[in-house]
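Novice:
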Amino acid sequence: MATAVASAAEFRLAVGESVAPVDFEATLRAARAHRREHPDDTIVIALPAHLFRMAPIALGPEDSGRPGAPLVLRGDGAAGATITGAVEVESEALGRDEAMRAHLPPEVAARARRARPDEALLALTTPPFAAIGSFSPANPGRLIVFEGNRRLRPARWPSLGYFTEPALAPVQAPRALVVRPPAPVAGLADETNLWVDGFWGWNWWFERRKARARADGAIEIDKPEAPLHASARYRLVNVARGLDRSGVYYREPDGALDFLPEPDDRDARLFVAVATSLLKIKDAEHIRIENVAFEKTIGTAASIENSRDVVLSDCYVGEAGTNGVVIDGGEADRMENCVVDDVGYDGVSISGGDRASLTPSRHVLRGSYIARFGRELPTYRPGVSLQGVGASVEDCEIAFGPHAGLTFSGNDHRIEGNAFHDLVTDSEDVGAIYTGRNWTTRGVVIASNVFRDIADKVGASPADGVYLDDQISGATILANIFENVDRPVLVGGGRENAVRDNLFLRWRAGPVSVDGRGLTWQADMAKPGGALMKSLEAVPFQGAIWAAHYPGLAKLPDDRPGAPLDNVFTDNLADRAPVVAYDRPETATLGEETGNRAIPASGAA
Numbered sequence: 000m001a002t003a004v005a006s007a008a009e010f011r012l013a014v015g016e017s018v019a020p021v022d023f024e025a026t027l028r029a030a031r032a033h034r035r036e037h038p039d040d041t042i043v044i045a046l047p048a049h050l051f052r053m054a055p056i057a058l059g060p061e062d063s064g065r066p067g068a069p070l071v072l073r074g075d076g077a078a079g080a081t082i083t084g085a086v087e088v089e090s091e092a093l094g095r096d097e098a099m100r101a102h103l104p105p106e107v108a109a110r111a112r113r114a115r116p117d118e119a120l121l122a123l124t125t126p127p128f129a130a131i132g133s134f135s136p137a138n139p140g141r142l143i144v145f146e147g148n149r150r151l152r153p154a155r156w157p158s159l160g161y162f163t164e165p166a167l168a169p170v171q172a173p174r175a176l177v178v179r180p181p182a183p184v185a186g187l188a189d190e191t192n193l194w195v196d197g198f199w200g201w202n203w204w205f206e207r208r209k210a211r212a213r214a215d216g217a218i219e220i221d222k223p224e225a226p227l228h229a230s231a232r233y234r235l236v237n238v239a240r241g242l243d244r245s246g247v248y249y250r251e252p253d254g255a256l257d258f259l260p261e262p263d264d265r266d267a268r269l270f271v272a273v274a275t276s277l278l279k280i281k282d283a284e285h286i287r288i289e290n291v292a293f294e295k296t297i298g299t300a301a302s303i304e305n306s307r308d309v310v311l312s313d314c315y316v317g318e319a320g321t322n323g324v325v326i327d328g329g330e331a332d333r334m335e336n337c338v339v340d341d342v343g344y345d346g347v348s349i350s351g352g353d354r355a356s357l358t359p360s361r362h363v364l365r366g367s368y369i370a371r372f373g374r375e376l377p378t379y380r381p382g383v384s385l386q387g388v389g390a391s392v393e394d395c396e397i398a399f400g401p402h403a404g405l406t407f408s409g410n411d412h413r414i415e416g417n418a419f420h421d422l423v424t425d426s427e428d429v430g431a432i433y434t435g436r437n438w439t440t441r442g443v444v445i446a447s448n449v450f451r452d453i454a455d456k457v458g459a460s461p462a463d464g465v466y467l468d469d470q471i472s473g474a475t476i477l478a479n480i481f482e483n484v485d486r487p488v489l490v491g492g493g494r495e496n497a498v499r500d501n502l503f504l505r506w507r508a509g510p511v512s513v514d515g516r517g518l519t520w521q522a523d524m525a526k527p528g529g530a531l532m533k534s535l536e537a538v539p540f541q542g543a544i545w546a547a548h549y550p551g552l553a554k555l556p557d558d559r560p561g562a563p564l565d566n567v568f569t570d571n572l573a574d575r576a577p578v579v580a581y582d583r584p585e586t587a588t589l590g591e592e593t594g595n596r597a598i599p600a601s602g603a604a
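Here numbering that gives the first Met the number 0 is used: the first residue of the sequence shown is 0, the next is one more, and so on.
#1: What residue range is occupied by the uninterrupted alpha helix (DSSP H) comprising Leu-259?
#2: My understanding is that Asn-336 touches Ser-306, with C-beta atoms under 8 Å, so please give their C-beta distance in whole angstroms.
#3: Whole angstroms are fine: how far does the CA of Tyr-315 sit from the CA of Phe-293?
#4: Quick one: what's Thr-475 bridged to in DSSP?
#5: Taking the alpha carbon of Gly-323 as the point to measure from, which residue in Val-310, Pro-510, Lys-295 has its own alpha carbon closest?
#6: Which word fits Met-99, buried or exposed, when buried means at least 16 other C-beta atoms lie within 10 angstroms of its C-beta?
#7: Under a Cβ-count criterion, where at least 16 other Cβ atoms within 10 Å of its own Cβ denotes burial, should Ala-605 be classed as buried or exposed?
#8: Could you tell me if Pro-584 is buried or exposed, where buried requires 16 or more neighbouring beta carbons within 10 angstroms of its beta carbon?
#9: CA-CA distance, Ala-130 and Arg-208?
#10: Closest to Phe-540 by CA distance: which of Asn-437, Val-325, Ala-188, Gln-470 is it?
#11: To the nearest angstrom, report how far apart Asp-455 and Gly-160 are at their CA atoms.
#12: So what's His-228 in DSSP terms, helix, strand or just coil?
#13: Is Lys-533 helix, strand or coil when you go by DSSP?
#14: Considering only residues of the region 500-567, which uninterrupted beta strand (DSSP E) runs meet the minimum length of 3 residues and lie entirely inside it, listed in chain order?
#15: Under 8 Å, do Val-236 and Arg-155 count as touching if we go by C-beta distance?
#16: Pull up the DSSP beta-bridge partners for Pro-104, would you.
#17: How should Glu-318 be labelled, buried or exposed, when 16 other C-beta atoms within 10 angstroms of its C-beta is the threshold for buried?
#18: Cβ atoms of Ala-80 and Ala-48: under 8 Å apart, would you say?
#19: Which ranges does the beta strand (DSSP E) cover as unbroken runs of at least 3 residues, wholly within the region 157-185, from first to last along the chain?
#20: Would the beta-carbon of Gln-470 fall within 8 Å of that of Gly-517?
#21: Between the C-alpha atoms of Ile-286 and Glu-190, what's the straight-line distance to the nearest angstrom?
#22: Considering Cα atoms alone, identify which of Ala-229, Ser-408, Phe-205, Ile-42 is closest to Leu-12.
#23: Distance check for Asp-514 and Asp-582, CA to CA, integer angstroms please.
#24: Taking the straight line between their C-alpha atoms, what separation do you get for Leu-176 and Asp-221?
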């Protein structure tokens, strides 16, 4: 039950730890009633140390506070509150399942355990897996499993890495790809819920597809969208042979879950997410969420939609099946001093503002730690995604991701004072910060950030610090430090970009690389009817607001479309020359390069 305490300017409601969902809704109703009678009071709902939710806490316009008198949901006590969307499933020793034990080394079989979800839980987690891809609509499976607070992944083979150079079977199947693993996989013919993860075309295009084992040892895979390249890599998913280490689980055909506990986990507590989401705020204003952990969901853990002045502070958001936090629309929402860790898709996705009028959203992500994102879908699911107009990411640490740390589109964002490291760990042709293929994405400032330890770990393509792909223009890269980054800055054919006052140390493929792809292999995109022209025509680029804000964009159709004009590279410092490298001599004549220099060798004048 909830108890109430009133003061002159604050009304407090305390929620008990065993509160039922209906009682929690009653607490919200009490808060709304108090607001009607005392509109200028701050209302605080104190949350207990632990709270389980099958459905999200939903806040709407009726829950809105007022300027200086917000509604506050606050974790009580120094440790705060943990809201979880998972249930525990009891497990026991694997026992005498000879078929399963036959796939496992004896020392593994002796430690393995089996959990049997009941019918209700099976229904909530069906389908367990689903076809997903980097460029497909988000439609993940519903089985998200944890041992304690550690996410378990479905058992894979090979258990580390991928098969490479796929051998095609002599006979292909309609609407399927048939491959033959380089070595026989024990028990493969018995697998009835087999899936395959693959980078079939390029190491930035990931897909998961349903698969079937054939009697001849080949694997028939629902046809991927990407074209098959010789560099392809793939792995089997939910295969018993892969249950050879801690950190993974295998789903039996009857829904049972087999797993290998951590050696030091005597309790071996297994949890399965049942809540799709834990917090949904829509059409609300002046709300504060403080000192709360949101963890273990099938979908997005927390979302803020079309809301104003909503602040998440000192919160943990993690162990989510898809996204950590989504801020969509609205104005002046903020995340401050938060941790977003271990999420399946995007860490934090922010969009808002109005592009037609270039009205900024004023959304802010500040002082937060964003890590281990893209755990279910590893490419184009960054730590932070910025869209729309006028959002800021300040003083954050963004790290340990398989692809980009931050992506952006839209206008006038500011990315300042952040640390980016240990990114691009399982992909290629991407950067710690990445954007691409839209002339109207302009006015973004990337300033005073530190980029370190960003290197290609998959193939031969350099990993980038800041990657302005496919003619992105009008960006400013100012006063950043790049250390141990393959290629710190790539200007991929765009114009009116400024790269100034940056420091480049221990690079491998040139501090700043500039190309004129819009005049060569990508020229068709800049022609009438091309992809870049279509994106230009989608905004009022020659209207009064846009023309005043981006005069170069207004004249672009008549000013050598595709040419990398008016880029400026000024006062950058590198540990060796050249500071700026061009794809061909003509490209160097189209911009301005002044004041760049290399650090003199030790002892030099």
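For each residue, glycine too, the CB sits at the ideal point set by N, CA and C. Note that the structure is predicted; figures quoted are calculated from it, not measured.
Specialist: On the basis of the data shown:
#1: Segment: none, Leu-259 is in no alpha helix (DSSP H) and carries neither H nor E.
#2: Going by Cβ atoms, the distance from Asn-336 to Ser-306 rounds to 20 Å, so no, they are not a contact pair.
#3: 6 Å
#4: Val-444, Ala-497
#5: Lys-295
#6: buried
#7: Residue 605 is absent from the structure shown; the chain starts at 0 and stops at 604.
#8: exposed
#9: 5 Å
#10: Asn-437
#11: 15 Å
#12: coil
#13: helix
#14: 502-504, 511-514
#15: yes
#16: In the DSSP output, where bridge partners are listed per residue, Pro-104 has none listed.
#17: buried
#18: yes
#19: 175-179
#20: yes
#21: 49 Å
#22: Ile-42
#23: 5 Å
#24: 6 Å
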